[in-house]
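Peer 1:
Number of protein chains: 2
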Amino acid sequence: MYRQRPGPLYQQIADELRAQITDGTLPPGAQLPTEMELAERFEVTRQTARQGLAQLIQQGLVVSRRPQGHFVRQWQHMLYRPQAEFMPQPHAPEMDSFMRAMTSEGREPTQKIDVAIVTPPPEVAERLHTPDGEMVVVRRRLRSLAGQPFHLNDSYFPRSIVGGSEIMSPADIGRGANTVLAELGHEQVRALDEIYVRMPTPDEVHRLSLEQGTPVALHIVTGFDSEDLPVRVVLNVLPSDRHVIVFERTRSNSEAE
Amino acid sequence: MYRQRPGPLYQQIADELRAQITDGTLPPGAQLPTEMELAERFEVTRQTARQGLAQLIQQGLVVSRRPQGHFVRQWQHMLYRPQAEFMPQPHAPEMDSFMRAMTSEGREPTQKIDVAIVTPPPEVAERLHTPDGEMVVVRRRLRSLAGQPFHLNDSYFPRSIVGGSEIMSPADIGRGANTVLAELGHEQVRALDEIYVRMPTPDEVHRLSLEQGTPVALHIVTGFDSEDLPVRVVLNVLPSDRHVIVFERTRSNSEAE
DNA sequence: GAGTGGTCTAGACCACGTA
DNA sequence: ACGTGGTCTAGACCACTCG
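In the order they appear, the protein sequences are chains A and B. To convert, count from 1 in the first sequence and add 1031; that's my numbering. To convert, count from 1 in the second sequence and add 1031; that's my numbering.
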């Protein structure tokens, strides 16, 4: 028995199915053949057929729903605008920018807030210049849309600045945490945005109900006050199947080199 | 209710190894036990051990190098600044912004350029408002650092604007394609940045030499001239193990809501 | 109860780099 | 030549949802 050139059998299975997905033969939401059907059609065992499907799942093209079968994945991208989440709000809103933006699009946003005093994770301690062993305040928010988890938004503040303030209450801050920071004498005048991309942790998979093959963007915002001290670090975890990050540039806000 | 939930065997293997990776017992670059060693330690078959390792590979924590073994993955993030890639350059450089930025950091940047006239992919046609069936000019660049592929940068232009110009030559445009566009009467005054995150296509895996478990960011820039016509669409494919996207905001360039 | 995918075993042979 | 991971077979039993 000689082996054919085109590579592993499971690869041929994956390639054929992927071709059908990308050319529209199998449109989003369509059901794929069952594992047994694939095994018979390609004359392999079920395990080998599964390996081909696994590759498509890993590539985010297919989801498995037990016991219905495998389906072509569908996507729905909501706009995520870092520039809208910034600085004290000029007009007093009842909700924060997330809630306002979503409500204005006819969605049903909810969020679960929890506040804690914790040892900051290293990526936060670096950016806040937190001394070793010192703890910080974190406001953790799980934002949902129509009952489905949407993204995570964890804001970290130095205890020395926000201790005892409204920020430590686990309730909506209608006028925005940034406004409160400004009232506390630390208005933010500059922010640094960093976007990392990676696969989610098991904890993130669970909290955000992520399908297999869904990477996340980690959007880290560091806010600085007028004395250039970091007063706020936000870790946003954005599932890739629900977000597109958007921002605009004009000549005036483009960096001079 | 003392029923323990140890879960699948491969999951326990993955969990134990992941714990050792995240707590530093297995630092970046360290070699993991071989598949046979894992199979013996957990008293399972090699296939089951492989399934545990596969999960870690999918999560981007581990790479497999045949026939050496499995290793904890290491990352190296270079800064990627969308704001630096914009508008005509104020001072005439010999290289484009990528080459300049990298050289200034002591790297050895190279790029392979190829120019073609093609039917635009749908995401480009939408943004350039290309009529059905009309073709566009694309400058495709594979940028490398120290001989290793780094990212893809494909710039699309309407034929009506750049036809016959310097942009159609597959050579470096020292003063930048944006400067050439400006000379052709289409200076860009505004740009829209969109960032999608997804798993790479097989073609991208090949062209960028991506390891398994490496998602990519797709950074799409649409440039508009003073009459608000789209004159340029750039598709950047940024491997997550080599890029962090960075931009800065000050009060003046933050959106008013 | 039927049928789906999920897990697991006990083998086998192959491809490939290093010693 | 050896040991690694990569592929594949031919079974088995389980968990879950739907009709």
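Every residue, glycine too, gets a C-beta built ideally from N, C-alpha and C. Given the structure is predicted, the values throughout are model-derived calculations rather than measurements.
Look at the alpha carbon of A/Leu1269 and the alpha carbon of B/Gly1205, and state the distance between them as a whole number of angstroms.
Peer 2: Between A/Leu1269 and B/Gly1205, the C-alpha separation is close to 37 angstroms.
Peer 1: State the CB to CB distance for the pair A/Asp1145 and A/Pro1201, rounded to an integer number of angstroms; the pair is presumed to be in contact (CB under 8 angstroms).
Peer 2: 6 angstroms
Peer 1: A/Pro1342 by DSSP, collapsed to three states: which one?
Peer 2: Because chain A spans 1032 through 1288 in this model, residue 1342 of chain A falls outside it and cannot be assessed.
Peer 1: Which residue wins for smallest C-alpha separation from A/Thr1076, given the options A/Tyr1041, A/Gly1244, A/Asp1203, A/Ile1198?
Peer 2: A/Tyr1041
Peer 1: With a threshold of 7 angstroms on Cβ separation, who are the neighbours of A/Thr1253 within its own chain once the five nearest residues in sequence on each side are excluded?
Peer 2: Arg1158, Ala1222, Leu1223, Pro1261, Val1264
Peer 1: Going by DSSP, what residues sit across from A/Ser1186 in a beta bridge?
Peer 2: A/Arg1170, A/Val1265
Peer 1: Could you check whether B/Arg1174 and B/Val1277 sit closer than 8 angstroms to each other, using their CB atoms as the reference points?
Peer 2: Their beta carbons are not under 8 angstroms apart, which means B/Val1277 does not touch B/Arg1174 by this criterion.
Peer 1: In the DSSP assignment, find the alpha helix (DSSP H) that holds A/Gln1086 and state where it starts and stops.
Peer 2: 1077 to 1089
Peer 1: Which of helix, strand or coil does DSSP assign to A/Glu1218?
Peer 2: coil
Peer 1: May I have the straight-line CA-CA distance separating A/Gly1244 from A/His1160, to the nearest angstrom?
Peer 2: A/Gly1244 and A/His1160 have their C-alpha atoms spaced approximately 35 angstroms apart.
Peer 1: Have a look at the DSSP bridge pairing and note the partners of A/Thr1253.
Peer 2: A/Leu1223, A/Val1264
Peer 1: Measuring only the C-alpha atoms, how far is A/Ser1186 from A/Glu1066?
Peer 2: Their backbone Cα atoms lie some 45 angstroms apart in a straight line.
Peer 1: Pairing CB atoms from the segment 1041 to 1061 of chain A with CB atoms from the segment 1086 to 1098 of chain A, are three or more of them under 8 angstroms?
Peer 2: Segments in contact, yes.
Peer 1: Could you tell me the alpha carbon to alpha carbon distance between A/Gly1178 and A/Leu1215, rounded to whole angstroms?
Peer 2: Rounded to the nearest angstrom, the two C-alpha atoms are 35 angstroms apart.
Peer 1: Quick check: is the beta carbon of B/Met1199 nearer than 8 angstroms to any beta carbon in chain A?
Peer 2: For B/Met1199, the answer is no, since every Cβ of chain A falls outside 8 angstroms of its Cβ.
Peer 1: Would you kindly work out how many angstroms separate the C-alpha atoms of A/Pro1162 and A/Val1168, rounded to a whole number?
Peer 2: Answer to the nearest angstrom: the Cα atoms are 14 angstroms apart.
Peer 1: Name the DSSP bridge partner or partners of A/Gln1179?
Peer 2: Residue pairing by DSSP puts A/Gln1179 in a beta bridge opposite A/Leu1176.
Peer 1: Using only the alpha-carbon positions, how far apart do A/Ala1248 and A/Pro1098 sit?
Peer 2: Between A/Ala1248 and A/Pro1098, the C-alpha separation is close to 31 angstroms.
Peer 1: Under 8 angstroms between C-beta atoms, does B/Met1230 make it to chain A?
Peer 2: yes
Peer 1: If we define contact as Cβ-Cβ less than 8 angstroms, is A/Pro1140 a contact residue for chain B?
Peer 2: no
Peer 1: Would you call A/Ile1192 buried or exposed, if buried means 16 or more other Cβ atoms sit within 10 Å of its Cβ?
Peer 2: buried
Peer 1: Would you give the residue range spanned by the beta strand (DSSP E) that B/Thr1053 belongs to?
Peer 2: No beta strand (DSSP E) holds B/Thr1053; the alpha helix (DSSP H) holding it covers 1040 to 1053.
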